[in-house]
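Chains as they are written, first to last, in this note's numbering: chain A, -12 to 100; chain B, -3 to 110.
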């Protein structure tokens, strides 16, 4: 089946620290992979995506590389800001013709000044 | 551009009452998704529609829940009768079948059933 496992939070970092949020997946076929972000009181919004192996998605200083050999899509940022405080969701879209997404449980990040 | 619109933003009701949540997808989008988010269970897909037709409703918790999409610009999620365990944030999202990889989420409806 299709599923996503991401590291449990919460994660608390000081401003300018390095961020890694781990995400691994199980899927049939060749899924597309996503990171969504949810700021307080808002809906989810797409942060970045990768559609095939070795692709790197990037946006707002965040990056994630689609690693087929380790079935991973870890989110990284070199220097976090207070404004990055949010819940981050890893997700996959299975390549089966269906257009629904499978989400991880979310990881809450808090960045302190 | 208007995003996905949900109403109401907050709903407080008593156990046993009927609750109707509403969603207007982004104009031109032809897929619509209903999700529920709780602390205990995270984000769960309840049902989704393509071209107004329900494709997968396996996430609907039980018969008390029903969803309709009478046209391309409107969908409802109804809970009848409501129970305290239905308390959650309900999100609607839409996407373009021609570009299915990105879903656009609404701001959510926070439902509290007393």
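The C-beta atom is built at its ideal place from N, Cα and C for all residues, glycine as well.
Any chain A beta carbon closer than 7 Å to residue i
i	result
residue 27 (chain B)	yes
residue 73 (chain B)	no
residue 103 (chain B)	yes
residue 12 (chain B)	no
residue 7 (chain B)	no
residue 44 (chain B)	yes
residue 98 (chain B)	yes
8 Å contact criterion, which residue i and residue j should meet: CB distance rounded
i	j	result
residue 21 (chain B)	residue 49 (chain B)	That belief does not hold up - the Cβ atoms of residue 21 (chain B) and residue 49 (chain B) are roughly 14 Å apart, past 8 Å.
residue 4 (chain A)	residue 67 (chain A)	6 Å
residue 2 (chain B)	residue 66 (chain B)	17 Å between Cβ atoms; not a contact.
residue 90 (chain A)	residue 76 (chain A)	5 Å
residue 8 (chain B)	residue 110 (chain B)	7 Å
residue 58 (chain A)	residue -5 (chain A)	The pair is not a contact, with the Cβ atoms about 18 Å apart (cut-off 8 Å).
residue 55 (chain B)	residue 42 (chain B)	5 Å
Any C-beta of chain B under 7 Å from that of residue i
i	result
residue 7 (chain A)	no
residue -11 (chain A)	no
residue -4 (chain A)	no
residue 44 (chain A)	no
residue 92 (chain A)	yes
residue 20 (chain A)	no
residue 33 (chain A)	yes
Segment limits, beta strand (DSSP E) that includes residue i
i	result
residue 63 (chain A)	62 to 64
residue 36 (chain B)	Taken as a continuous stretch (DSSP letters only), residue 36 (chain B) belongs to no beta strand (DSSP E), as it is neither H nor E.
residue 14 (chain B)	No beta strand (DSSP E) contains residue 14 (chain B), which DSSP labels as neither H nor E.
residue 64 (chain B)	61 to 67
residue 8 (chain A)	6 to 8
residue 50 (chain A)	49 to 52
residue 22 (chain B)	Looking at the DSSP string, residue 22 (chain B) is not in any beta strand (DSSP E), and its letter there is neither H nor E.
residue 2 (chain B)	1 to 3
Contacts that residue i makes with chain B (C-beta to C-beta distance below 9 Å)
i	result
residue 79 (chain A)	Simply none; closest approach about 11 Å.
residue 11 (chain A)	Neighbours of residue 11 (chain A) on chain B: none; closest Cβ ~16 Å, over 9 Å.
residue 0 (chain A)	Those do not exist, as residue 0 (chain A) stays about 22 Å from chain B at its closest Cβ, beyond 9 Å.
CB contact flag (residue i, residue j, <7 Å)
i	j	result
residue -2 (chain A)	residue 12 (chain A)	no
residue 44 (chain B)	residue 29 (chain B)	yes
residue 19 (chain A)	residue 35 (chain A)	no
residue 86 (chain B)	residue 105 (chain B)	yes
residue 100 (chain B)	residue 31 (chain A)	no
residue 23 (chain B)	residue 93 (chain B)	no
residue 26 (chain A)	residue 73 (chain A)	yes
residue 78 (chain A)	residue 14 (chain A)	no
residue 33 (chain A)	residue 98 (chain A)	no
residue 55 (chain A)	residue 37 (chain A)	no
residue 83 (chain B)	residue 107 (chain B)	yes
Contacts of residue i in chain B (Cβ-Cβ under 8 Å)
i	result
residue 76 (chain A)	39
residue 38 (chain A)	97
Chain A residues whose Cβ lies nearer than 9 Å to that of residue i
i	result
residue 53 (chain B)	Those do not exist, as residue 53 (chain B) stays about 11 Å from chain A at its closest Cβ, beyond 9 Å.
residue 87 (chain B)	30, 31
Residues that residue i contacts on chain A, provided the C-beta gap is smaller than 7 Å
i	result
residue 113 (chain B)	Look at the range of chain B in this structure, -3 to 110, and you will see that residue 113 (chain B) is not part of it.
Chain B contact residues for residue i, given Cβ-Cβ distances below 7 Å
i	result
residue 88 (chain A)	99
Within chain A, the residues that residue i reaches when beta carbons sit closer than 8 Å
i	result
residue 91 (chain B)	86
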